[in-house]
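Visitor:
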Amino acid sequence: MIGTISLATSLFFSLLAVMAYGYAMQVKAEQERAERWGRVSLFGSCLAAVIASIYLWVMILGDHFEIAYVASYSSKELPLMYKISAFWAGQQGSLLLWLLIHALASLYLCCRQHMKAAGLLVYALIESLLVILVLAKSPFVASVTAVQDGVGLNPLLQDPWMAVHPPVIFIGYALLAVPFAYAMGALLKDEDQKIWLEPARRWALFAWGFLGAGVFIGGYWAYKVLGWGGYWGWDPVENSSLVPWLLAGAFVHILHVAKRRPAALSVLHLSVIFTFALVIYGTFLTRSGILGDFSVHSFSGTSIGMTLAVVNAIVLIGGLALLAVKAGNLPQGKLYEAHASREFCLLLGALVLVFISAIIFIGMSMPLFTQLIGKPAAVDTDFYVRTTLPLAIAMCLIMAAAGCLRYGRQAEKLGRLLPAALLALGLALAFVAGVRSPGLLVLAAVAILLFGATFVGWHRGMLRLGAVVAHGGVALALLAMVLSGGASQSLSQEFKPGDSVTIGGYAVTYEGQLFAEDGTMKFYRYLVDGSEVRAMTKLHKNGEDAAREPAIAHTLFGDIYIAPTPPKGADRMELILKRGRMEMGDLFAYRYDDVTMEGQPDGTTLVTASIAVTDGEKVEHVQPTIIATRDGGTSSPIPVFGGQKRIRLTGISGNDSQARIELLPSAEEEAQAAVTASVSTKPFIYLLWIGAVAASVGCFVAMRR
């Protein structure tokens with residue numbers, strides 16, 4: 001109740017702020033008083049959003065499972081860090097997080113008073129739309145039935161990066177609304193267009209840095225978890241964050257041109273409209289259920305899809321309509337003086353980023369487009385590689401040239417040998433590492449050229465530190481992608497304990513499995529040139545695999561990446577036991593004698609079966625159990641005959657006449673069982689992480705000018 005009232009209050013005050021700032025724009029005599037009311041209203045909206053957020057955290061940390069969201073994403077036994085992370089684990093909470101960040105930013109905008117009334121009107125309107133989205137998919141809906149304990153967080157999400165990745169991404173999403181509001185406010189008020197460029201530049205860089213960091217963190221997280229397709233799988237959900245990041249990059253670089261060439265303002269407005277609109281569009285794709293069969297990251301289908309589509313239409317159509325009406329008031333003239341100038345290169349580079357974004361947009365939207373004709377389908381990853389590779393090469397060349405040119409001037413002499421030497425170095429490095437694809441060889445060469453040209457530009461005073469760090473980071477990341485992908489070696493084979501294989505000059509030896517004492521994890525142990533690394537598998541309570549992580553050995557020349565394949569269960573068998581009748585299993589015979597059912601305080605039912613086990617001479621009585629819940633049940637294996645085998649109760653018939661058990665090998669047998677594993681090399685993959693960090697840090701450094 002408190003949460004819903006807080007959200008309704010936030011909506012009321014955000015709409016009041018819209019009206020106050022609208023009144024301030026229309027009635028000059030009341031402008032100061034109306035703007036003061038607008039600031040108070042935005043403060044009220046922010047305070048209400050903060051209260052709603054704190055209330056949700058209190059509900060999660062206090063195990064209030066009467067709230068459906070808490071029951072779905074938290075549980076009593078969930079560690080504190082993951083309870084905090086449960087706030088943004090689902091659709092409802094992540095939308096509230098977005099609103100919270102947006103609202104907190106409004107406080108800064110109001111206090112510093114850099115943004116005029118028209119811009120704050122747009123910003124308050126966006127806040128209203130966000131509150132409507134949260135109300136449409138509220139995290140405060142009550143559970144339908146009484147729940148004593150929650151489902152808990154998906155084992156795949158029980159990772160420290162879960163506490164970091166979503167908030168960083170949503171900071172980027174939320175703060176991209178600020179340059180959008182600056183631009184739309186300038187159009188609404190017909191004010192001097194240059195006034196808003198510098199504050200918008202800083203906010204855009206801040207948002208761009210966080211969004212990029214979120215994308216890169218997600219890639220690193222996916223790299224260290226099996227099942228998500230590696231650090232980048234061109235998944236539609238991954239792409240839905242990449243496209244706004246690329247377009248934000250185009251916006252930042254066009255903005256630098258617009259500060260010197262006012263004629264570029266029309267293009268600048270167009271870029272910021274599409275950047276923010278595609279933030280909303282990506283949210284629509286991932287939360288409408290359209291990608292349910294095509295993405296491992298998407299949310300299931302819900303009624304919020306139509307609401308998001310309407311919000312997206314308001315942002316895109318409203319922004320384009322305003323630009324069309326006001327376009328005549330924007331400056332006209334030349335965008336650049338000469339082709340061999342920085343202005344031309346910046347605009348050309350922005351155009352290439354737009355082309356790359358358009359290609360990725362088409363690919364990630366294919367499930368939506370094809371669903372309209374009744375046959376949902378997705379493009380394969382080769383589509384993205386084939387189409388974006390030439391553009392990535394062009395992008396590197398343009399960035400290298402731009403860094404060595406001045407505004408409005410002809411080309412500076414770089415030296416005849418430097419470009420050729422850098423290209424040759426890139427080709428040689430990639431070829432020696434094992435890259436043979438012509439396209440990847442060229443990309444490696446131009447990435448090295450970009451890296452060298454970046455520091456040449458800095459040495460000559462043409463690039464500031466932020467640009468040097470960011471551009472150098474992009475060059476390193478692209479080079480690492482080429483080397484770690486194009487020069488990778490891989491093999492897949494069955495390993496028994498003690499088996500070895502050599503790959504990339506490294507000896508990999510399988511040492512067997514190791515089980516955690518509490519039964520929640522098992523490890524596959526490997527030696528890489530004598531140093532132990534472990535692949536980890538998190539286990540459900542019934543002993544089945546829940547989430548898997550590879551074994552990664554870090555070396556000077558890259559990573560050795562070992563991904564064990566889950567056992568196929570060939571050594572497991574299932575028996576249906578009729579009450580009172582002996583059934584032969586593996587080494588032993590089994591008889592189902594009785595069953596008891598006992599309700600538990602948490603609303604579950606403890607089902608206990610009495611099973612007699614015999615080897616023909618001795619009889620052992622065991623009592624495997626199931627904890628029956630709303631969604632099924634969980635059971636753990638128990639040993640029989642001194643651990644020679646294990647059995648697990650998997651079901652009881654409706655009339656209690658039959659019991660279903662699973663027969664498993666002993667823990668020792670399973671530890672010594674053969675395991676199939678994929679072993680691959682990732683040459684110089686660490687350059688990707690260094691480059692990614694540098695690209696984001698460069699954005700923050702560039703804010704100081």
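Okay, so the sequence shown: first residue is 1 according to our numbering, each after it adds one.
Note that the Cβ used here is the ideal one computed from N, Cα and C, for glycine as well.
(1) From this set, Phe355, Ala89, Ile685 and Ser657, which residue's C-alpha is nearest Leu488's C-alpha?
(2) Can we say the segment 86-99 touches the segment 56-63, given the rule of at least three CB pairs closer than 8 angstroms?
(3) Since Val675 contacts Tyr506 with CB under 8 angstroms, what's their CB separation in whole angstroms?
(4) Buried or exposed: where does Phe369 fall if 16 or more other Cβ atoms within 10 Å of its Cβ makes it buried?
(5) In angstroms with no decimal places, state the Cα-to-Cα distance between Ala677 and Ile373.
(6) Could you pull the start and end residues of the alpha helix (DSSP H) that Ser365 belongs to?
(7) Compute the distance between the beta-carbons of Asp593 and Ile576, then report whether it is under 8 angstroms.
(8) Counting C-beta neighbours from all protein chains within 10 Å, is the total for Cys110 16 or more, i.e. buried, or is it exposed?
(9) Of all the alpha helix (DSSP H) runs that stay within the bounds of the segment 163-213, which reach a length of 4 or more residues?
(10) Would you report the Cα separation of Tyr223 and Leu335, rounded to the nearest angstrom?
(11) Taking the alpha-carbon positions, what's the Gly472 to Ile356 distance?
(12) Can you tell me whether DSSP reads Thr555 as helix, strand or coil?
(13) Out of Leu316, Leu97 and Gly249, point me to the one whose CA is closest to Lys137's CA.
(14) Does the distance from the C-beta atom of Ala764 to that of Ala49 stay below 8 angstroms?
(15) Tell me which same chain residues have a C-beta within less than 6 angstroms of the C-beta of Ala401, skipping the five on either side of it?
(16) Out of Ala695, Phe12 and Arg660, which one is the CA nearest neighbour of Phe451?
(17) Return the chain-ordered list of same chain residues with a C-beta closer than 7 angstroms to the C-beta of Met1, the five sequence neighbours on each side being excluded.
(18) Please look up how many angstroms separate the CB atoms of Val272 and Pro367, rounded, as I've assumed it's under 8 angstroms.
(19) Just checking my contact of Ile360 with Leu242 at CB under 8 angstroms: how many whole Å lie between their CB atoms?
(20) Starting from Gln493, follow its DSSP beta bridges and name the residues at the other end.
(21) Determine the closest residue to Ala277 out of Val311, Arg39, Leu255 and Val131, with distance taken between C-alpha atoms.
(22) Check whether the Cβ atoms of Thr454 and Gly403 lie closer than 8 angstroms to each other.
(23) Starting from Ile254, trace the alpha helix (DSSP H) in both directions and tell me its first and last residue.
(24) Sort Ala174, Tyr384 and Leu157 by Cα distance to Val131 and report the nearest one.
(25) Mapping the DSSP letters down to three states, classify Arg416 as helix, strand or coil.
(26) Using 8 angstroms as the Cβ pair cut-off and three pairs as the minimum, do the segment 9-20 and the segment 139-150 touch?
(27) Let's see if you can read the secondary structure: which residues bound the beta strand (DSSP E) around Met19?
(28) My assumption, with CB atoms under 8 angstroms, is that Ala628 sits in contact with Val607. Please give the rounded CB distance.
(29) What is the residue span of the alpha helix (DSSP H) that Glu30 lies within?
(30) Is the CB-CB distance between Ile51 and Ser6 below 8 angstroms?
(31) Alpha carbon to alpha carbon, what distance is there between Met162 and Ser85?
(32) Determine the direct distance from the alpha carbon of Lys682 to that of Gly319, and round the result to whole angstroms.
(33) Under the rule that 16 or more other beta-carbon atoms within 10 Å means buried, what is Arg416, buried or exposed?
(34) With distance defined between alpha-carbon atoms, name the residue in Thr565, Pro566 and Gly585 nearest to Val574.
(35) Using DSSP with H/G/I as helix, E/B as strand and the rest coil, what is Tyr220?
(36) For Met59, name the three-state secondary structure that DSSP assigns.
Guide: Once the coordinates are examined:
(1) As a working mapping, residue 488 is identified with position 488 in the sequence shown. Sequence inspection shows Ser at residue 488; the Leu mentioned does not correspond to that position. For Ser488, the closest of Phe355, Ala89, Ile685 and Ser657 by C-alpha to C-alpha distance is Ile685.
(2) Contact between the segment 86-99 and the segment 56-63 is present, because at least three Cβ pairs lie under 8 angstroms.
(3) In the sequence shown, counting from the first residue as 1, residue 675 sits at position 675. In the sequence shown, counting from the first residue as 1, residue 506 sits at position 506. Not confirmed; about 19 angstroms, so no contact.
(4) Taking the first residue of the sequence shown as position 1, residue 369 is located at position 369. Exposed.
(5) Taking the sequence shown and counting its residues from 1, one reaches residue 677 at position 677. Taking the sequence shown and counting its residues from 1, one reaches residue 373 at position 373. Ala677 and Ile373: Cα-Cα distance of roughly 41 angstroms.
(6) Within the sequence shown, numbered from 1, the residue matching residue 365 stands at position 365. For Ser365, the enclosing alpha helix (DSSP H) begins and ends at Arg342 to Gln371.
(7) Your numbering for residue 593 matches position 593 in the sequence shown. Your numbering for residue 576 matches position 576 in the sequence shown. No. Outside cutoff.
(8) Your numbering for residue 110 matches position 110 in the sequence shown. The residue is buried, with at least 16 neighbouring Cβ atoms inside 10 Å.
(9) Fully contained in the segment 163-213 are the following alpha helix (DSSP H) runs of length 4 or more, in chain order: 165-175 and 177-189.
(10) Taking the sequence shown and counting its residues from 1, one reaches residue 223 at position 223. Taking the sequence shown and counting its residues from 1, one reaches residue 335 at position 335. Spanning the two alpha carbons is a distance of roughly 42 angstroms.
(11) By 1-based counting over the sequence shown, the position of residue 472 is 472. By 1-based counting over the sequence shown, the position of residue 356 is 356. Going by the C-alpha atoms only, they are around 20 angstroms apart.
(12) What you label residue 555 is simply residue 555 of the sequence shown in a count that begins at 1. Of the three classes helix, strand and coil, the one that applies to Thr555 here is strand, per DSSP.
(13) Sequence index remark: in the sequence shown, residue 137 carries index 137 (1-based). Cα-wise, what sits closest to Lys137 is Leu97.
(14) Summary: the structure shown does not reach residue 764, with the chain confined to residues 1 through 705, and so no result is reported for it.
(15) Against the sequence shown, residue 401 aligns to sequence position 401. Result list for Ala401: Cys345, in chain order.
(16) Residue numbering aside, residue 451 sits at position 451 when the sequence shown is read from its first letter. In terms of Cα proximity to Phe451, the closest of Ala695, Phe12 and Arg660 is Ala695.
(17) In the sequence shown, residue 1 corresponds to position 1, counting from 1. Cβ neighbours of Met1 within its own chain (closer than 7 angstroms, five residues either side excluded): none.
(18) Residue numbering aside, residue 272 sits at position 272 when the sequence shown is read from its first letter. Residue numbering aside, residue 367 sits at position 367 when the sequence shown is read from its first letter. Incorrect: roughly 27 angstroms between the Cβ atoms, too far for contact.
(19) As a position in the sequence shown, residue 360 is number 360, starting the count at 1. As a position in the sequence shown, residue 242 is number 242, starting the count at 1. At roughly 6 angstroms, the Cβ-Cβ gap stays under 8 angstroms, so Ile360 and Leu242 are in contact.
(20) If you number the sequence shown from 1, residue 493 lands on position 493. Answer by DSSP bridge pairing, in chain order: Ala677.
(21) For this step, residue 277 is matched to residue 277 along the sequence shown. Nearest option by C-alpha distance: Val311.
(22) Along the sequence shown, one-based indexing puts residue 454 at 454. Along the sequence shown, one-based indexing puts residue 403 at 403. Cβ distance < 8 angstroms, so Thr454 and Gly403 count as in contact.
(23) Reading the sequence shown from its first residue, position 254 is the one you call residue 254. That run of the alpha helix (DSSP H) goes Pro236 to Ala258.
(24) Locating residue 131 in the sequence shown gives position 131, counting from the first residue. Selected option, being the one with the closest Cα: Ala174.
(25) Translated into the one-based positions of the sequence shown, residue 416 becomes position 416. For Arg416, the predicted model reports a pLDDT of 47, less than 50, meaning its position is unreliable and no value from the coordinates is stated.
(26) Contact fails: fewer than three Cβ-Cβ distances are below 8 angstroms.
(27) Residue numbering aside, residue 19 sits at position 19 when the sequence shown is read from its first letter. That residue, Met19, is in no beta strand (DSSP E); its alpha helix (DSSP H) goes Ile2 to Gln26.
(28) Sequence index remark: in the sequence shown, residue 628 carries index 628 (1-based). Sequence index remark: in the sequence shown, residue 607 carries index 607 (1-based). The beta-carbon separation of Ala628 and Val607, rounded to 5 angstroms, stays under the 8 angstroms limit for a contact.
(29) Here residue 30 refers to the residue found at position 30 when the sequence shown is read from its first residue. Per DSSP, Glu30 is not a residue of any alpha helix (DSSP H), being assigned neither H nor E.
(30) For the purposes of this step, residue 51 is taken as residue 51 along the sequence shown, with counting starting at 1. For the purposes of this step, residue 6 is taken as residue 6 along the sequence shown, with counting starting at 1. Yes, Cβ-Cβ distance for Ile51 and Ser6 is below 8 angstroms.
(31) Indexing the sequence shown from 1 puts residue 85 at position 85. Indexing the sequence shown from 1 puts residue 162 at position 162. Computed Cα separation, rounded: 6 angstroms.
(32) Position 319 of the sequence shown, counted from the first residue, corresponds to residue 319. Position 682 of the sequence shown, counted from the first residue, corresponds to residue 682. Inter-residue distance for Gly319 and Lys682 is about 44 angstroms (C-alpha atoms, whole angstroms).
(33) Along the sequence shown, read from residue 1 onward, the residue named residue 416 stands at position 416. Because the pLDDT of Arg416 is 47, which lies under 50, any placement of that residue in the model is unreliable, and the question is left without a value.
(34) Translated into the one-based positions of the sequence shown, residue 574 becomes position 574. Reading the sequence as shown, one finds Glu at residue 574 and not Val. If we check each option's Cα against that of Glu574, Gly585 comes out closest.
(35) Taking the sequence shown and counting its residues from 1, one reaches residue 220 at position 220. Per DSSP, reduced to three states, the secondary structure at Tyr220 is helical.
(36) As a working mapping, residue 59 is identified with position 59 in the sequence shown. In the structure shown, Met59 sits in a helix (DSSP, three-state: H, G or I).
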